[in-house]
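Protein sequence lines correspond, in order, to chains F and G. Counted the way the working numbering counts, the first sequence spans residues 236 to 321. Counted the way the working numbering counts, the second sequence spans residues 342 to 549. For each residue, glycine too, the CB sits at the ideal point set by N, CA and C. Reading through the structure tokens given below for one structure.
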Amino acid sequence: MTNTRRLFLVGAAVLVAVGLGACGERDQVTLYKQGKYQGKPDTKPWENDPAANPYPGSKWNKGDKTSWESAVKTRNLAQNEYTRAE
Amino acid sequence: MARMKFLCDAERCIECNGCVTACKNENEVPWGVNRRRVVTINDGIVGAEKSISVACMHCSDAPCMAVCPVDCFYRTDEGVVLHDKDLCIGCGYCFYACPFGAPQFPQAGAFGLRGKMDKCTFCAGGPEKDLSKEEFTKYGSNRLAQGKLPACAEMCSTKALLGGDGDVIADIYRQRVFKRGKGSEVWGWGTAYGKPDQPKAAPAGAKS
């Protein structure tokens with residue numbers, strides 16, 4: 236099989252796949268499973284870059300859950316006015 | 342692992358509604374929807390009046406999650422109960438199931454239509470790109486993604502409302518109770534509805 240013929244066959248296959256792609260039918264009814272979240276996934280708060288935050292808050296290392304928890308805990312302790320007064 | 346919770350100290354709450362205002366301002370909650378409210382019992386009766394700020398308590402075993410027919414609720418790693426508004430059908434089951442009346446429904450429209458449910462997100466946004474316009478429009482501010490805690494708790498003037506990791510706020514509250522020597526009952530059935538052996542409250546209309 237020559238390269239030209241092979242290229243033609245591959246091109247035809249791609250063309251058919253793209254052309255018939257719209258003919259497929261997607262499920263119109265969502266299948267809900269009891270107790271299983273069906274929505275979109277959410278990102279974790281520690282996956283954000285604190286430097287990119289337009290309203291700077293605590294500092295932590297991007298992607299590091301422990302440092303985020305530590306930063307939030309520090310902020311959390313600020314709600315204790317007994318330690319703030321000391 | 343952090344387990345985010347709210348705790349309201351009924352001994353300190355002065356019914357200023359600052360938490361309600363902070364929430365509405367932070368999240369730009371629409372007219373008619375209150376994610377947080379201040380409830381007062383025995384209003385005007387000296388010594389018996391108590392106020393408490395109530396919103397979604399982010400239950401560990403949330404009844405709203407259990408009854409949702411489209412399973413639009415999820416719990417984050419920090420223990421915050423959130424939901425996907427794109428899935429919500431506004432049926433109101435969560436409202437009937439919630440013991441705190443947390444789920445809210447927009448009442449706008451000529452026929453008072455019931456839109457998609459809205460509730461306190463613990464200022465954690467929702468299932469959209471963090472700190473994006475879409476997230477803010479649908480769910481409000483995402484303060485956790487900024488390393489902050491809910492606006493209502495952080496701005497409470499008397500620090501009656503504590504919000505954050507359950508262990509941390511429990512420690513703060515415990516220290517407070519030891520210092521003042523009372524108020525360990527927090528909030529519960531006894532505080533809300535009294536006990537059978539307690540004397541009857543003053544007649545209605547008795548004001549201080």
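- Excluding the 5 residues flanking it on each side, G:Met496 has same chain C-beta neighbours closer than 8 Å at Gly359, Cys360, Ala363, in chain order.
- Shown here, G:Asn483 sits in a strand according to DSSP, grouped into three states.
- Under DSSP, no beta-bridge partner is assigned to G:Ile386.
- Annotation for G:Val395: Arg378, Val380, Phe441 place their beta carbon closer than 6 Å to its own, counting only its chain and skipping 5 residues before and after.
- If you draw a straight line from the Cα of G:Gly431 to the Cα of G:Met458, it is about 6 Å long.
- Contact between G:Gly467 and G:Glu476 holds, with the beta-carbon distance rounding to 6 Å and staying under 8 Å.
- Under the three-state reduction of DSSP, F:Ala287 is assigned to helix.
- When Cβ-Cβ separations below 8 Å define contact, G:Pro468 makes contact with chain F.
- The residue among G:Gly522, G:Ala501, G:Thr462 with its C-alpha nearest the C-alpha of F:Glu316 is G:Ala501.
- Considering only beta carbons, the part of the stretch 286-301 of chain F lying closer than 9 Å to chain G consists of Ala287, Asn288, Pro289, Tyr290, Pro291, Gly292, Ser293, Lys294, Trp295, Lys300, in chain order.
- Judged by their CB atoms, G:Gly433 and G:Thr462 are not nearer to each other than the 8 Å cut-off.
- Per DSSP, the unbroken beta strand (DSSP E) holding G:Ile393 starts and ends at 391-395.
- Proximity of the stretch 388-404 of chain G to the stretch 242-256 of chain F falls short of the contact definition, fewer than three beta-carbon pairs being nearer than 8 Å.
- Residue pairing by DSSP places G:Phe347 opposite G:Gly504 in a beta bridge.
- Interface annotation, F:Asp284: not in contact with chain G, CB-CB separation never under 8 Å.
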